[in-house]
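Positions 3 to 555 (the working numbering) are the ones given, in order, by the sequence shown.
Structure, as structure tokens:
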Amino acid sequence: MNKNNYQNWDKKDLIKEIERLKKRKKYGLVWEEKPEDVVELCKTKLPILKEVKSKEIITDKNKPVNLLIEGDNYHALSVLNYTHEKKIDVIYIDPPYNTGAKDWKYNNDFVDINDSYRHSKWLSMMSKRLLIAKNLLKDDGVLICAIDDNEFYRLGILLEQTFQGREIHCVTIVHNPRGIQGNNFSYTHEYAYFVFRKGLEVIGTRKINEEDIDFSNLRNWGSESLRSDARNCFYPIIVKNDKIIGFGDVLDNNIHPKKQTDKIKGNNYIYPIDKNGVERKWRYARQSIEEIKHLLRAKKTNGGYEIEIGKDFRTVRTVWQDSKYDANEYGTKLVHNLVSSSHFDFPKSVYNTFDCIAPILYQRKNAIVLDYFAGSGTTGHAVMILNKEDDGNRRFILCTNNENKIAEEVCYPRIKKVIKGHSDYLDITGISANLKYFNTDLVNAEPTDKNKKILTEQATEMLCVKEGTFEPVIDQKKIKIFKNGNNYTGIIFDQLAIPEFNKKIKDIKAKFSVYIFSLGDDTFDEEFEDIKKKVKLSPIPEAILRVYRRIFK
Numbered sequence: 003m004n005k006n007n008y009q010n011w012d013k014k015d016l017i018k019e020i021e022r023l024k025k026r027k028k029y030g031l032v033w034e035e036k037p038e039d040v041v042e043l044c045k046t047k048l049p050i051l052k053e054v055k056s057k058e059i060i061t062d063k064n065k066p067v068n069l070l071i072e073g074d075n076y077h078a079l080s081v082l083n084y085t086h087e088k089k090i091d092v093i094y095i096d097p098p099y100n101t102g103a104k105d106w107k108y109n110n111d112f113v114d115i116n117d118s119y120r121h122s123k124w125l126s127m128m129s130k131r132l133l134i135a136k137n138l139l140k141d142d143g144v145l146i147c148a149i150d151d152n153e154f155y156r157l158g159i160l161l162e163q164t165f166q167g168r169e170i171h172c173v174t175i176v177h178n179p180r181g182i183q184g185n186n187f188s189y190t191h192e193y194a195y196f197v198f199r200k201g202l203e204v205i206g207t208r209k210i211n212e213e214d215i216d217f218s219n220l221r222n223w224g225s226e227s228l229r230s231d232a233r234n235c236f237y238p239i240i241v242k243n244d245k246i247i248g249f250g251d252v253l254d255n256n257i258h259p260k261k262q263t264d265k266i267k268g269n270n271y272i273y274p275i276d277k278n279g280v281e282r283k284w285r286y287a288r289q290s291i292e293e294i295k296h297l298l299r300a301k302k303t304n305g306g307y308e309i310e311i312g313k314d315f316r317t318v319r320t321v322w323q324d325s326k327y328d329a330n331e332y333g334t335k336l337v338h339n340l341v342s343s344s345h346f347d348f349p350k351s352v353y354n355t356f357d358c359i360a361p362i363l364y365q366r367k368n369a370i371v372l373d374y375f376a377g378s379g380t381t382g383h384a385v386m387i388l389n390k391e392d393d394g395n396r397r398f399i400l401c402t403n404n405e406n407k408i409a410e411e412v413c414y415p416r417i418k419k420v421i422k423g424h425s426d427y428l429d430i431t432g433i434s435a436n437l438k439y440f441n442t443d444l445v446n447a448e449p450t451d452k453n454k455k456i457l458t459e460q461a462t463e464m465l466c467v468k469e470g471t472f473e474p475v476i477d478q479k480k481i482k483i484f485k486n487g488n489n490y491t492g493i494i495f496d497q498l499a500i501p502e503f504n505k506k507i508k509d510i511k512a513k514f515s516v517y518i519f520s521l522g523d524d525t526f527d528e529e530f531e532d533i534k535k536k537v538k539l540s541p542i543p544e545a546i547l548r549v550y551r552r553i554f555k
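Below, the structure is given as structure tokens:
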């Protein structure tokens, strides 16, 4: 049919064409869709996880388990859609920048500068992964995406389309002070997009070192700074041995201290009186001053003390310039010190990643952080540094392929040496953490009874990851039980084994998530009647297939 000559079309085809044109995107980003092999594969195969037990690292059973998943990130994200839907606090990704310098592959072929479809291929790859990663974020979750000028503008529009109604902010980070020479400009910077629910206050402050805190006088100055402007703001602040130890009552209007610092029984009573003897007021009323006591300090002067206030956090600005963001010093050299055989190009400064995620995570000590372009493992490293700083229990999930052995010979050894300690790195004592290593694998997708049974038999690791229970309690052919503390997971591979399972767990005082093999959607509730209060039942593989039908439709 000649689409350039509508006169030759019949009525039926014309109506179909009108409907197609009505649905066509009228505004936004449009690209030539290029089928991707790993995505197409999911029409006939389903991703699963297989643990590599020899790579397990356990340093403290009381700490949470971090995950390193080796395989294509589309397959890893598909699995995580079952195990971690709406569970992720922060997704941080540093995707290929599509420079044209053969820095990534599409369908096993490098994408170079002469590929006329290179932008379409990149957008197609990114779009598919962002769409399924979106399902993993909590309602108050944040996506952070690093990028440079090669795809900066297209990525911005793609994020607007994928995360409609969300706030999108961008930070410029000077990561290469020496510059990358272009024809007209020397590029010293890259970007980080931040995406989160509109109106959400998740990125506003970041902690700073004490020596960097800016202090200012607690005493008001300028207009409306007099005592008479706010009665509840004139009271003494009590100092002893250069420390603030308390706050006095608001003074009656007819009481006027003779000087700014008054000594009474060894204590210094400091009033908001300026050097000219003018009675002014504190910036905080008496009823609220104690809430910010930790932000105050007494600074000694010739005549007594000044009371100063300093915030131990700072609003995140949109341009970051600091030597610690240098990708060569704190990326390439740092990784090489940890993994001397590393040939990974352009790892990001760990402090670049740290400062992106930390403002969101300071108040979330049990957060889960996902990086599905994990590369050399910088995000996992940054999470461990933050946990050490404030004794947090945050977990990371790193997903990376094994191109040029990046997973086995760079990412995993780096994480292992950060955990265990290493003489060629600053923190030679290590940072206590646990890690489990998984490979993605595939099983047949055709929904035959045989394939459903195979998927169930191969899903054990996925279920343990979903529940966070890795310690085996019972490991039999028809029944498996795992635990983590007082959380238990049961897997029943044969309906006939239900009575035996019930008998085994009857006296265990804990709640159980129980997964039962069923060719349909039956959880056999009646057979758990006696212990129904302690079990949550799910049919497998149907619970898994339901998720895969949604994302692979």
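For each residue, glycine too, the CB sits at the ideal point set by N, CA and C.
Task: Buried or exposed by the 16-neighbour rule on C-beta atoms within 10 Å, applied to S56 - done: Along the sequence shown, read from residue 1 onward, the residue named residue 56 stands at position 54. In this structure S56 is exposed. Its beta-carbon is surrounded by fewer than 16 other beta-carbon atoms within 10 angstroms.
TODO: Could you tell me if L51 is buried or exposed, where buried requires 16 or more neighbouring beta carbons within 10 angstroms of its beta carbon?
DONE: Position 49 of the sequence shown, counted from the first residue, corresponds to residue 51. L51 comes out buried.
Task: Alpha carbon of N243 to alpha carbon of K485, nearest angstrom - done: Within the sequence shown, residue 243 is the residue found at index 241, counting from 1. Within the sequence shown, residue 485 is the residue found at index 483, counting from 1. In this structure, the alpha-carbon of N243 lies about 53 Å from that of K485.
Open item on the list: Can you give me the C-alpha to C-alpha distance between T491 and K104, rounded to a whole angstrom?
Closed with: Numbered from 1 along the sequence shown, position 489 holds the residue referred to as residue 491. Numbered from 1 along the sequence shown, position 102 holds the residue referred to as residue 104. In a straight line, the C-alpha of T491 is about 45 Å away from that of K104.
Task: G305 (DSSP reduced to helix, strand or coil) - done: Here residue 305 is taken as the residue at index 303 of the sequence shown, counted from 1. Collapsing the DSSP output to three states places G305 in coil.
Open item on the list: Once the 5 residues before and after Y414 are set aside, which same chain residues still bring their CB inside 7 Å of it?
Closed with: Position 412 of the sequence shown holds residue 414. Closer than 7 Å at the Cβ level, and outside the excluded window around Y414, lie K57, L70, Y439.
Task: Buried or exposed (CB count within 10 angstroms, at least 16 for buried), W223 - done: Stepping through the sequence shown from its first residue, residue 223 is reached at position 221. So W223 ends up on the exposed side.
TODO: Determine the direct distance from the alpha carbon of R299 to that of M386, and round the result to whole angstroms.
DONE: What you label residue 386 is simply residue 384 of the sequence shown in a count that begins at 1. What you label residue 299 is simply residue 297 of the sequence shown in a count that begins at 1. Roughly 32 Å between the two C-alpha positions.
Open item on the list: Quick test of your reading: L444 and P49, contact by CB under 8 Å. State the CB separation rounded to the nearest angstrom.
Closed with: Working through the sequence shown from its first residue, we reach residue 444 at position 442. Working through the sequence shown from its first residue, we reach residue 49 at position 47. 6 Å between Cβ atoms; contact.
TODO: May I have the straight-line CA-CA distance separating S544 from L521, to the nearest angstrom?
DONE: As a position in the sequence shown, residue 544 is number 542, starting the count at 1. As a position in the sequence shown, residue 521 is number 519, starting the count at 1. With the sequence shown as reference, residue 544 is identified as Glu, and Ser is not the correct amino acid for it. Approximately 8 Å, taken between the alpha carbons.
Task: Cβ-based neighbour list, D231, same chain, cut-off 7 Å, excluding 5 preceding and 5 following - done: Locating residue 231 in the sequence shown gives position 229, where the first residue counts as 1. So the qualifying residues of the chain are K283.
- [ ] Whole angstroms is fine: what's the gap from V68's alpha carbon to N441's?
- [x] In the sequence shown, counting from the first residue as 1, residue 68 sits at position 66. In the sequence shown, counting from the first residue as 1, residue 441 sits at position 439. According to the sequence shown, residue 68 is Asn rather than Val. Taking C-alpha positions only, N68 is separated from N441 by approximately 14 Å.
- [ ] Starting from the Cα of A376, find the closest Cα among G394, V352, I362, N389 and give me that residue.
- [x] Your numbering for residue 376 matches position 374 in the sequence shown. Closest by alpha carbon: V352.
Open item on the list: I need the DSSP call for K242, collapsed to helix, strand or coil.
Closed with: On the sequence shown, position 240 is the one that residue 242 refers to. If DSSP states are grouped into helix, strand and coil, K242 belongs with the strands.
Task: Element boundaries [alpha helix (DSSP H), containing E19] - done: Sequence index remark: in the sequence shown, residue 19 carries index 17 (1-based). Segment 13-25, the alpha helix (DSSP H) holding E19.
Task: CB contact flag (C358, A194, <8 Å) - done: Counting from one through the sequence shown, the residue named residue 358 turns up at place 356. Counting from one through the sequence shown, the residue named residue 194 turns up at place 192. Against a cut-off of 8 Å, the Cβ pair of A194 and C358 comes out as a contact.
Task: Sequence-distant residues of its chain with Cβ nearer than 7 Å to V92 (five each side left out) - done: For the purposes of this step, residue 92 is taken as the residue at position 90 of the sequence shown. Within the same chain, V92 has close Cβ partners G143, V144, I146, I359, I362, L363, A369, V371.
- [ ] Verify whether the separation of the beta carbon atoms of L437 and I417 is less than 8 Å.
- [x] Start at 1 with the first residue of the sequence shown, and residue 437 comes out as number 435. Start at 1 with the first residue of the sequence shown, and residue 417 comes out as number 415. A contact, by the Cβ cut-off of 8 Å.
Open item on the list: Can you look up D114 in the DSSP assignment and give me helix, strand or coil?
Closed with: Taking the first residue of the sequence shown as position 1, residue 114 is located at position 112. Strand.
Open item on the list: If contact is defined by three or more beta carbon pairs under 8 Å, each pair taking one atom from either stretch, is the region 150-166 in contact with the region 115-125?
Closed with: yes
Open item on the list: Taking the beta strand (DSSP E) that A148 belongs to, which residues open and close that run?
Closed with: Your numbering for residue 148 matches position 146 in the sequence shown. A148 -> beta strand (DSSP E) spans 139-149.
Task: Three-way DSSP call (helix, strand, coil) for E180 in this model - done: For the purposes of this step, residue 180 is identified with residue 178 of the sequence shown, where counting begins at 1. The sequence shown places Arg at residue 180, rather than the Glu named in the question. Looking at R180 - three-state DSSP - the assignment turns out to be coil, as it is neither helix nor strand.
Task: Option in Q365, E293, K301, Y8 with minimal Cα separation from S218 - done: Translated into positions along the sequence shown, residue 218 becomes position 216. For S218, the nearest C-alpha among the options comes from K301.
Open item on the list: Alpha carbons only, please: which of R180, K261, N404, Y84 is nearest the one belonging to K468?
Closed with: Position 466 of the sequence shown holds residue 468. Checking every option, the nearest Cα to that of K468 belongs to Y84.
- [ ] Answer yes or no: do P66 and R548 have a C-beta to C-beta separation smaller than 8 Å?
- [x] As a working note, residue 66 is residue 64 in the sequence shown. As a working note, residue 548 is residue 546 in the sequence shown. R548 sits away from P66, with the two beta carbons spaced by 8 Å or more.
Open item on the list: Is the separation between the beta-carbon of K25 and that of A447 shorter than 8 Å?
Closed with: Within the sequence shown, residue 25 is the residue found at index 23, counting from 1. Within the sequence shown, residue 447 is the residue found at index 445, counting from 1. It is not a contact, given that the beta carbons lie outside the stated cut-off.
TODO: Using alpha carbons as the reference points, say which of E531, L457, I510 lies closest to F495.
DONE: Working through the sequence shown from its first residue, we reach residue 495 at position 493. Residue L457 is the option with its Cα nearest to F495.
Task: Residue environment, P274, which counts as buried when at least 16 other CB atoms sit within 10 Å - done: Here the question's residue 274 lines up with position 272 in the sequence shown. The residue is buried, with at least 16 neighbouring Cβ atoms inside 10 Å.
Open item on the list: Contact defined as beta carbons within less than 8 Å: I believe V41 pairs with K130. What is the distance between those atoms, to the nearest angstrom?
Closed with: Here residue 41 refers to the residue found at position 39 when the sequence shown is read from its first residue. Here residue 130 refers to the residue found at position 128 when the sequence shown is read from its first residue. Their Cβ separation, rounded to whole angstroms, is 6 Å, which keeps V41 and K130 in contact under 8 Å.
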